Every structure is written in structure tokens, then in C-alpha cells.
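Trainee: Numbering follows my numbering, in which position 200 of the sequence shown is assigned residue number 386; successive positions increment by one, without gaps.
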Amino acid sequence: MNGIKWPEGKKSAVMFSFDVDGDTTWENGNKGLPNGEKYIKSLSVGQYGPKRCVDRIMDMLERYNVRATFFVPGLTAERYPELIKRIAEAGHELGHHGYAHERFAGRTVEEQIEIIEKSKKILEDLTGQDITGFRTPSGDWSIETPGLLYERGFRYSSSMRGDDRPYRTVIDGEETDLIEIPTKWEVDDYVAMAYNMYPAEPAGQDRISCYRCVEDNFMREFEGHHRYGLCISFMSHPQVIGSPGRIRILDHLLKEITSREDVWVATGSEIADWYRDNYPKGGK
Ligand SMILES: [Zn+2]
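Set out below in C-alpha cells:
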């Protein structure tokens, strides 16, 4: 089923990614409520991620010698600069995740440029890394967004859902060197297990899924992607996967995946670079 030829004869590729949203998603959610700026409990749900969970996740990654990709809003990086530096110092990759976790769809080109350039600079100044990866925060991007990213040195995005292999993003009708590494809702811990009473998450309430079942879902998706020679991009959020109980799901995934010699575990930029170098425009 059109698998990809991965480096060194590996059969499939796995990208572990973590969206360190911090307070931002809850600030945005509160804005829609009467007197929303006064709500602070929901903010603490997000704050739990940078406060307690990112370090726990990094310890787990170190145990399995895995380098991951952390997508961080610029505002979160400003609030937790030491944490962001620690992520970079541990050898992980930082990626762009908006400034205040804002929706790009519906914003003017000028507003999008400001967000892109501002957060890129914040992350680069803090870490010394070239920030070349992007994950769209809160829903969709606009038709102009990929072109604006590409013009500003971005080399890949992990935002879309429509494939289980990397591909070249088409901008103005042309395939470009901006590589998309799609992810999926079914490997997003937020969909399975995030919860808050007010504002309601999920909107209809009634969800903290069985951890054993979530682990089984994730493992089955890995097995399926591996069988067909594809690329899976696990999308996690520290305040969800990094709790003392749920970190076991990550532990088991890492244990299983790193025990397979024919799996390539890589960062977003490594996967994008490899795909760009080996799958020329007009190919497939
Ligand atoms: Zn996010």
C-alpha cells in the first residue's frame, strides 16, 4: 500500500510529538464565557503540563534514548523559559505552535506574519535552534498560511490529517519543499483523555477514556502503520499523557516501539529532511 522507503532499510517511521500549550488553550476557551477572564481553575489544567509533566515525559524519553519534537506557543515559551531551554538542552526539537495558540483561519495575512515571526524569534532566541517545524494550533490554518511559513524558512508542518505518509505541500498549484507529516485524531491523547468541567472539555462531557483501551488504540495504530511501511506522528499534550497514571501509556509505547529494530524513531525535521531528499517533486 505505497509504503515509504525509510533509511537503513527501516520498515516504518515514528515521530513522538508533544504540544506544550500551557495556559493558552484555556485562556482562549475562557474568552468565550461571561466573565471568562475571572476563571482560573481551568488555567491550572494547562499549567500542570509545564509545571509537572514535561520533565516527567523527558525522563521517560531519556530512558528509551528517544528524541522527540515539542511544539510550543511563543507565549508559553515566554512564561516558562527555563523549561523550554531544558527541552532543547536534552536534545529534543522545538517547533512553532502559534503565539497564544490562536486559530490562523480567519486572520489577515499581516496578523499571521506577525504571529509566525514573533514566536519563531522567541523560540530561536531561547534555544539557539533553527525553528523549521510548525503545528497549527486550535483548528485550521488559512489558505495563505503554508506559503507564509515557507517564505520564512519553515521546512515542514505536522498539522494535516489526510495521509499516513509525508508529502510535499502544494502552494499556488506547485509542489514545494515544505513537507507535511500528517497526524491523526486517533493518536491524539487530548481526544481520548482530556477533561475539564467548565469550560466543558469535551463539549458534551462524559469522557476520560479507559487508559488500557487508549493504549491499545495507540498500539494498534502503530502496528498498522508499521505493517504498511508508513509514518505515524503521535500527538500528545503534557497535561494529559504526563500524569502519573497516564505516563504508563507512553512508557509502554516507547518500550514496544524502541524494541523493534526495523522502526525509525525520528524528530519532525529528520523525517521531513529524509523525505525531501529521497522523494523528488512530481514523484511517488
Ligand atoms: Zn496545541
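All residues carry an ideal CB built from backbone N, CA and C; glycine is no exception.
Please read all numbers here as calculations on a predicted model, not as lab measurements.
Could you please give the first and the last residue of the uninterrupted beta strand (DSSP E) stretch that includes L364?
Mentor: Note, L364: beta strand (DSSP E), E360 to E366.
Trainee: DSSP state of W192, grouped into three classes?
Mentor: If DSSP states are grouped into helix, strand and coil, W192 belongs with coil.
Trainee: Let me know if I329 comes out buried or exposed under the rule of 16 or more other beta-carbons within 10 Å of its beta-carbon.
Mentor: I329 should be labelled exposed.
Trainee: Compute the minimum distance between the beta carbon of P323 and the heavy atoms of ligand 1, and state whether it is under 7 Å.
Mentor: Checking the Cβ of P323 against ligand 1 gives yes.
Trainee: Please report how far the alpha carbon of I317 lies from the alpha carbon of Y461, in whole angstroms.
Mentor: Cα to Cα, the separation comes out at about 18 Å.
Trainee: Examine the Cβ distances between the segment 386-394 and the segment 427-437 and report whether three or more of them are shorter than 8 Å.
Mentor: With the cut-off at 8 Å, the segment 386-394 and the segment 427-437 do not touch.
Trainee: Quick check on the DSSP output: the beta strand (DSSP E) that includes C417 runs from which residue to which?
Mentor: Note, C417: beta strand (DSSP E), C417 to S422.
Trainee: Only counting the same chain, and skipping five residues up and downstream in sequence, which positions put a Cβ closer than 6 Å to that of S305?
Mentor: Here the set comprises G260, H282 and Y285.
Trainee: Is it true that the CB of S203 sits closer than 8 Å to the CB of G215?
Mentor: No, the pair does not count as a contact, with Cβ atoms beyond the cut-off.
Trainee: Classify T444 as helix, strand or coil using the three-state DSSP reduction.
Mentor: Residue state, collapsed to three classes: helix.
Trainee: Would you say G319 and G454 are within 8 Å of each other, going by their C-beta atoms?
Mentor: Yes. Within cutoff.
Trainee: Have a look at T210 and Y397 and give me their C-alpha separation to the nearest angstrom.
Mentor: Spanning the two alpha carbons is a distance of roughly 26 Å.
Trainee: Is A211 a contact residue of ligand 1, with contact defined as CB to any heavy atom under 7 Å?
Mentor: Reading the sequence as shown, one finds Thr at residue 211 and not Ala. Yes, since a heavy atom of ligand 1 falls inside the 7 Å radius drawn around the Cβ of T211.
Trainee: Decide if V373 is buried, meaning its Cβ has at least 16 other Cβ atoms within 10 Å, or exposed.
Mentor: Buried, since its Cβ has 16 or more Cβ neighbours within 10 Å.
Trainee: If you count every other CB in all the chains shown that lies within 10 Å of the CB of L219, and 16 or more means buried, which is it?
Mentor: Label assigned to L219: exposed.
Trainee: Among the residues of its own chain, which have a CB less than 7 Å from the CB of S395, if the five just before and after it don't count?
Mentor: The residues are A378 and M379.
Trainee: Using 10 angstroms around the beta-carbon of P193, count the other beta-carbons present and answer buried if the total reaches 16, otherwise exposed.
Mentor: Exposed is the call here.
Trainee: For G348, list the residues DSSP reports as bridge partners.
Mentor: G348 pairs with nothing; no bridge assigned.
Trainee: Restricting to Cα atoms, I'd like to know which of M383, H438 and Y384 is closest to N403.
Mentor: Here the closest residue by C-alpha is H438.
Trainee: With a cut-off of 8 Å, does the C-beta of P259 fall near any C-beta of chain D?
Mentor: The chain inventory of the structure shown lacks chain D, comprising one protein chain alone.
Trainee: For V258 and L309, which I take to be in contact (beta-carbon distance under 8 Å), what is that distance rounded to the nearest angstrom?
Mentor: Indeed, because the Cβ distance is near 7 Å, the residues count as touching under 8 Å.
Trainee: Taking the alpha-carbon positions, what's the G232 to K191 distance?
Mentor: When rounded, the distance between both Cα atoms is 39 Å.
Trainee: Is M201 closer than 8 Å to S419 when the C-beta atoms are compared?
Mentor: Cβ atoms of S419 and M201: closer than 8 Å.
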